[in-house]
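What follows is a single structure, written as structure tokens, with notes after it.
In my numbering, the protein residues as written are 248 to 516.
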């Protein structure tokens with residue numbers, strides 16, 4: 248494919264978009280296939296071309312927001328085409344506005360449908376949650392960063408952890424909201440531990456609160472500087488022991504509940 252220059256949404260256009268989120272939401276609902284309406288909504292200069300070039304690419308339109316196979320494909324594609332860009336570009340709201348409106352418009356709307364009166368556009372197309380959280384809330388920016396923080400070239404499949412994340416994004420989300428636990432080494436060590444535990448206990452149900460507890464524990468280690476002394480393997484073993492204990496407790500409690508349920512059924516037969 249040919250190369251194209253990346254673009255930023257102009258500051259004036261971005262200010263207009265932010266000031267009219269309800270109107271933009273309506274336009275997204277009315278126009279699910281094409282963003283051509285945007286040039287009429289903002290008749291000034293929409294985009295400014297930057298010096299950096301990327302290979303032109305096309306995302307696949309998913310069946311719906313739960314189409315994990317397409318999500319994995321698109322996330323890896325985004326990473327492979329954008330990874331050479333400087334971090335200051337990859338964390339710029341104006342860049343992701345260009346990606347959302349010009350490169351992945353229909354895909355973004357399939358991933359996260361917009362409804363009248365909803366805050367989806369404001370929360371997931373713009374960085375209104377703050378830069379860190381906003382990038383991991385962003386409908387397409389989070390696809391890129393899930394891969395960027397989980398790719399591991401030491402594995403036979405470097406994207407194995409990324410696929411694990413995309414299958415259940417909750418495995419990753421809590422880590423990204425905290426400054427200590429969002430470091431790549433910590434993310435990879437944690438994901439490897441979670442994958443090991445789920446491999447040992449495939450019958451276990453993943454519990455969202457466990458992911459939050461793990462992220463909090465890692466942040467506590469970071470606050471007392473212990474993370475600075477830990478390797479990726481140290482982190483993996485630390486999380487593995489903690490998460491395994493949580494899962495075993497869940498399974499024990501579930502076993503007790505099942506026994507009680509069976510006893511009650513026998514009584515009322």
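Even for Gly, the Cβ is constructed at its ideal location relative to N, Cα and C.
As the structure is a prediction and not an experimental result, all values here were calculated from the model.
Asked, Found
"Between residue 350 and residue 413, how many whole angstroms is the CB-CB distance? I'm expecting something under 8 Å.", "With a Cβ gap of about 19 Å, residue 350 and residue 413 do not count as contacting."
"Determine, using beta carbons only, whether residue 253 and residue 297 come nearer to each other than 7 Å.", "yes"
"From 380, 251 and 448, pick the residue whose C-alpha is nearest to that of residue 305; which is it?", "251"
"On the DSSP bridge list, what partners appear for residue 252?", "300"
"Three Cβ pairs or more, each shorter than 8 Å: is that satisfied between the stretch 273 to 281 and the stretch 318 to 334?", "no"
"Here's the rule: buried if 16 or more other CB atoms are within 10 angstroms of the residue's CB, otherwise exposed. What is residue 501?", "exposed"
"Mark residue 454 as exposed unless 16 or more other C-beta atoms lie within 10 angstroms of its C-beta, in which case mark it buried.", "exposed"
"Using DSSP bridges, identify the partner residues of residue 294.", "256"
"Round the Cβ separation of residue 260 and residue 291 to the nearest angstrom and send it over; I've been treating them as touching at under 8 Å.", "7 Å"
"For residue 392, I'd like the list of residues in its chain whose CB is within less than 7 Å of its CB, leaving aside the five on either flank, ordered along the chain.", "382 and 383"
"So does residue 438 have its beta carbon nearer than 6 Å to some heavy atom of the ligand MN?", "Ligands displayed in this structure: none; no statement on the ligand MN is therefore possible."
"Check the C-beta distance from residue 394 over to residue 358 and give it rounded, since I have them as a contact under 8 Å.", "Contact flag wrong, Cβ pair sits at about 15 Å."
"What are the start and end residues of the alpha helix (DSSP H) that includes residue 358?", "352 to 358"
"Would you kindly work out how many angstroms separate the C-alpha atoms of residue 579 and residue 408, rounded to a whole number?", "Past the boundaries of the shown model lies residue 579; the chain is included only from 248 to 516, so the question cannot be answered."
"If you drop the 5 nearest sequence neighbours on each side, which residues of the same chain put their C-beta closer than 7 Å to that of residue 347?", "355, 372, 386 and 387"
"Does the separation of the CB atoms of residue 459 and residue 421 fall below 7 Å?", "yes"
"Would residue 340 be called buried (16 or more neighbouring beta carbons within 10 Å of its own) or exposed?", "buried"
"Rounded to the nearest angstrom, what separates residue 370 and residue 475 at their Cα positions?", "33 Å"
"In its own chain, which residues sit with a C-beta less than 8 Å from the C-beta of residue 330, not counting the 5 before and 5 after it?", "395"
"Assuming residue 361 is part of the alpha helix (DSSP H), what are its boundary residues?", "Residue 361 -> no alpha helix (DSSP H), and no H or E assigned at all."
"Given residue 284, which residues of its chain have a CB within under 8 Å of its CB, disregarding the five upstream and five downstream residues?", "274, 277 and 278"
"Does the distance from the CB of residue 368 to the CB of residue 257 come in under 7 Å?", "no"
"Please state if the CB of residue 456 and the CB of residue 483 are separated by a distance shorter than 7 Å.", "no"
"Comparing C-alpha positions only, which one of 467, 448 and 479 sits nearest to residue 490?", "448"
"To the nearest angstrom, report how far apart residue 509 and residue 499 are at their CA atoms.", "A caution first: residue 509 carries a pLDDT of 48, below 50, which makes its placement in the model unreliable, though a value can still be read off. Distance between the alpha carbons of residue 509 and residue 499: 15 Å."
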